[in-house]
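A.B. asks: The listed protein sequences derive, respectively, from chains A and B. One rule links them: number in this note's numbering = place in the first sequence (from 1) + 2. One rule links them: number in this note's numbering = place in the second sequence (from 1) + 2. Every residue gets a Cβ at the ideal spot worked out from N, C-alpha and C, and that includes glycine.
There are 2 protein chains.
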Amino acid sequence: MGKGTVTRERIIGRAVELASVDGLNGLTLGRLAEGIGMSKSGLFAHFRSKEELQRSVLETTITSFRRFVYEPGAAEPRGEPRLRSIFERWLAWQQEREEMPGGCLLMQASTELDDQPGPLRDLLVKAQRDWRDTLIAFARGGITAGHFRAEVDPALFAFQLEAIILGAGHDRRLLRDPLALSHARAAFEALLASARTTT
Amino acid sequence: MGKGTVTRERIIGRAVELASVDGLNGLTLGRLAEGIGMSKSGLFAHFRSKEELQRSVLETTITSFRRFVYEPGAAEPRGEPRLRSIFERWLAWQQEREEMPGGCLLMQASTELDDQPGPLRDLLVKAQRDWRDTLIAFARGGITAGHFRAEVDPALFAFQLEAIILGAGHDRRLLRDPLALSHARAAFEALLASARTTT
DNA sequence: GCCAGAATAGCACGATCGGTCGTATCATGG
DNA sequence: CCATGATACGACCGATCGTGCTATTCTGGC
């Protein structure tokens, strides 16, 4: 792996940190360069434009998310165990982590880009749609596995699951509510209970 | 009402439009001035700083929200009717409205300001905390009115309610999902059903 | 209809934005 | 160990940022 690739990854890593705090638009070449001790032009040479830097940041984050949340979940047996894994990993993902101090960049980008047409928005929308489809498939797997009732609407289930995560992020990051996690978990348990084959 | 006040309100009205699309940080004096056909300095004279402009925008939006969502709801009889009113008005509020084409500014600001300490964040947090407390009181009212079981956790109920709204905003604005509203309504009905005194 | 004070415009400032270019330095394969 | 391409730098561009200062225009009370 060449030196250029190493530097490029260091740049992107730091850019993810900054963007998670200030947003993809708040990300600035000057402050990014200062943040990694490089000249602005030296940094810029790794990307054809600021937008390509932003795209790299987004793509890297999407890949990280798949590794951190999706893959461990997909390895679990389908139905409840898989959904529980997804949920807990997703909660953990959006905690403050050193590589993303401003919380989930994808969530930040979702409100930031929702009115800004362009390739960045397209990329994000595609990733979010794919993820939603995955969740729907996992919910359907709960039915196939016999954990959930057949009348459960997988798309509605996926909507409710993501809504809980969004609520948790809101309460924890903005309101700094220490109950955010327990509320989210309780809501998730209620969602599971409502979907389960009644005992 | 003096001419100055009229102009000031016209400025803020337009600023709300712009900020709902580009965010409070994306709001710019130059583009705002151009948008209402004024000189940048003439506009600026109405505010001591950009931050005061942003503060005015936030405060105006918070007041609008109270009038649009809270007040009609508070006029309804407590318990389910009041909560249903709140929910529907809240959904309507975050639709694209001509005075806020970029969707709910408060939601946008929530992710934008969650890592930016300062008076703007403080103002937003206070408004959101107050609103949450209101929701909790309304949920408690459902118990007092005999609509909900006594074991219902009002804080959890309020969390779940706001989560549904957040999910609806996400699906509608980013994913452009036409099912967003019906998913939100179905989730709300499920929430009500789970809280009701079992029949 | 005049005049004080409010309202707006003109202009300039230092800083920073994304981006370009020519040059120097570094790393590495032959 | 040297040549050469990859990598990084400094200087600079025009545009725009937020924010002052000053002059002009407008407006409402007497």
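Strictly under 8 Å for the Cβ-Cβ distance: is L158/B near chain A by that measure?
C.D. replies: Yes, contact with chain A.
A.B. asks: Would you mind giving the Cβ-Cβ distance between G105/A and D116/B, rounded to the nearest angstrom? I have them listed as a contact below 8 Å.
C.D. replies: G105/A to D116/B, Cβ: 7 Å. Contact.
A.B. asks: Please specify which runs of the beta strand (DSSP E), each continuous and at least 3 residues long, are wholly inside the region 126 to 181 of chain A, giving them in chain order.
C.D. replies: As far as the region 126 to 181 of chain A is concerned, it has no whole beta strand (DSSP E) run of at least 3 residues.
A.B. asks: Looking at C-alpha atoms only, which residue of F150/A, A141/A, H185/A and G171/A is the closest neighbour of A160/B?
C.D. replies: Measuring from the Cα of A160/B, the nearest candidate turns out to be H185/A.
A.B. asks: To the nearest angstrom, how far is it from the Cα of A94/A to the Cα of H172/B?
C.D. replies: Rounded to whole angstroms, A94/A to H172/B spans 20 Å at the Cα level.
A.B. asks: Could you spell out the range, first to last residue, of the alpha helix (DSSP H) harbouring S41/B?
C.D. replies: No alpha helix (DSSP H) holds S41/B; DSSP gives it neither H nor E.
A.B. asks: Take E98/A and list the residues in its own chain whose beta-carbon comes closer than 7 Å to its own, dropping the five residues that flank it on each side.
C.D. replies: Hits under 7 Å: G105.
A.B. asks: Decide if S87/B is buried, meaning its Cβ has at least 16 other Cβ atoms within 10 Å, or exposed.
C.D. replies: Buried.
A.B. asks: Applying the criterion that 16 or more other CB atoms from any shown protein chain within 10 Å of the CB defines a buried residue, is A47/A buried or exposed?
C.D. replies: Its Cβ having fewer than 16 others within 10 Å, A47/A is exposed.
A.B. asks: Check whether chain B comes within 8 Å of L168/A, counting only Cβ atoms and requiring the distance to be less than that.
C.D. replies: Yes, L168/A counts as interfacial toward chain B.
A.B. asks: Which residues in chain B sit within 7 Å of A109/A, going by Cβ to Cβ distance?
C.D. replies: The identity of residue 109/A in the sequence shown is Met, whereas the question assumes Ala. Chain B residues near M109/A: T113.
A.B. asks: Going by DSSP, which residues form a beta bridge with R86/A?
C.D. replies: Looking at the DSSP assignment, R86/A forms no beta bridge with any residue, so it has no partner.
A.B. asks: In chain A, which residues lie with their C-beta within 7 Å of the C-beta of S196/B?
C.D. replies: Chain A residues near S196/B: A192 and S196.
A.B. asks: Nearest-angstrom Cα distance between L183/A and E36/B?
C.D. replies: Using only the alpha carbons, I get a separation of about 45 Å.
A.B. asks: Quick one: Cα of G209/A to Cα of L163/B, how far?
C.D. replies: Residue 209/A falls outside the range modelled here, since chain A spans only 3 to 201, and no answer is possible.
A.B. asks: For R12/A, which three-state DSSP category applies?
C.D. replies: Reduced to three states, the DSSP call for R12/A is helix.
A.B. asks: Whose CA, out of G4/B, R198/B and P79/B, lies closest to the CA of E153/B?
C.D. replies: When each option's Cα is compared against that of E153/B, the closest is R198/B.
A.B. asks: What are the residues of the region 176 to 189 of chain A that lie near chain B, defined by any Cβ-Cβ distance shorter than 9 Å?
C.D. replies: Flagged, chain order: L176, L177, R178, D179, L181, A182, S184, H185, A186, A188 and A189.
A.B. asks: Is the Cβ of F140/A closer than 8 Å to any Cβ of chain B?
C.D. replies: It does not: the Cβ of F140/A has no partner Cβ on chain B nearer than 8 Å.
A.B. asks: Within the same chain, show all residues whose beta-carbon is closer than 7 Å to that of R16/A, passing over the 5 residues directly before and after it, in chain order.
C.D. replies: Hits under 7 Å: L34, G37 and I38.
A.B. asks: Assuming contact is defined by CB atoms lying nearer than 8 Å, are Q118/A and M109/A in contact in what I supplied?
C.D. replies: The answer is no: Cβ separation not under 8 Å.
A.B. asks: Taking a contact to mean a Cβ-Cβ separation below 8 Å, would you say A147/B touches R68/B in this structure?
C.D. replies: Not a contact, by the Cβ cut-off of 8 Å.
A.B. asks: Candidates S41/B, G25/B, D24/B and V23/B: which alpha carbon is nearest I13/B's?
C.D. replies: Of the listed residues, the one whose Cα sits closest to I13/B is S41/B.
A.B. asks: Does the distance from the CB of S112/A to the CB of L176/B come in under 8 Å?
C.D. replies: Yes, the Cβ-Cβ distance between S112/A and L176/B is below 8 Å.
A.B. asks: Indicate the three-state DSSP secondary structure (helix, strand or coil) for R198/B in the structure shown.
C.D. replies: If DSSP states are grouped into helix, strand and coil, R198/B belongs with the strands.
A.B. asks: At 9 Å on the CB atoms, spell out the chain A contacts of F49/B, in chain order.
C.D. replies: Chain A residues near F49/B: none, gap ~22 Å exceeds 9 Å.
A.B. asks: Are R84/A and G143/A closer than 8 Å when you measure CB to CB?
C.D. replies: Cβ atoms of R84/A and G143/A: closer than 8 Å.
A.B. asks: From this set, T136/B, M102/B and E191/B, which residue's C-alpha is nearest V18/B's C-alpha?
C.D. replies: Looking at the Cα atoms, M102/B is the closest of the given residues.
A.B. asks: Are the C-beta atoms of F150/A and some chain B residue less than 8 Å apart?
C.D. replies: Cβ-Cβ to chain B under 8 Å: no for F150/A.
A.B. asks: Express the C-alpha separation of D155/A and L194/B in angstroms, rounding to a whole number.
C.D. replies: Cα to Cα, the separation comes out at about 18 Å.
A.B. asks: Where does R99/A sit, in a helix, a strand or coil, going by DSSP?
C.D. replies: Looking at R99/A - three-state DSSP - the assignment turns out to be strand.
A.B. asks: Among A188/B, E191/B and T63/B, whose alpha-carbon lies nearest the alpha-carbon of L122/B?
C.D. replies: Ranking the options by Cα distance to L122/B, first place goes to T63/B.
A.B. asks: Using a Cβ-Cβ cut-off of less than 9 Å, list which residues of the region 122 to 147 of chain B approach chain A; keep chain order.
C.D. replies: From the region 122 to 147 of chain B, only R123, L126, V127, Q130, R131 and R134 have a Cβ closer than 9 Å to chain A.
A.B. asks: Throw me the rounded Cβ distance for the E165/B and I166/A pair, which I believe falls under 8 Å.
C.D. replies: The question names Glu, but residue 165/B is Ala in the sequence shown. Contact holds; Cβ gap of about 5 Å.
A.B. asks: Does P121/A come out as helix, strand or coil in the three-state DSSP assignment?
C.D. replies: Correct three-state label for P121/A: helix.
A.B. asks: Can you list the residues of chain B that V71/A reaches, using a CB-CB cut of under 8 Å?
C.D. replies: Those within 8 Å of V71/A in chain B number zero; the least Cβ separation is about 17 Å.
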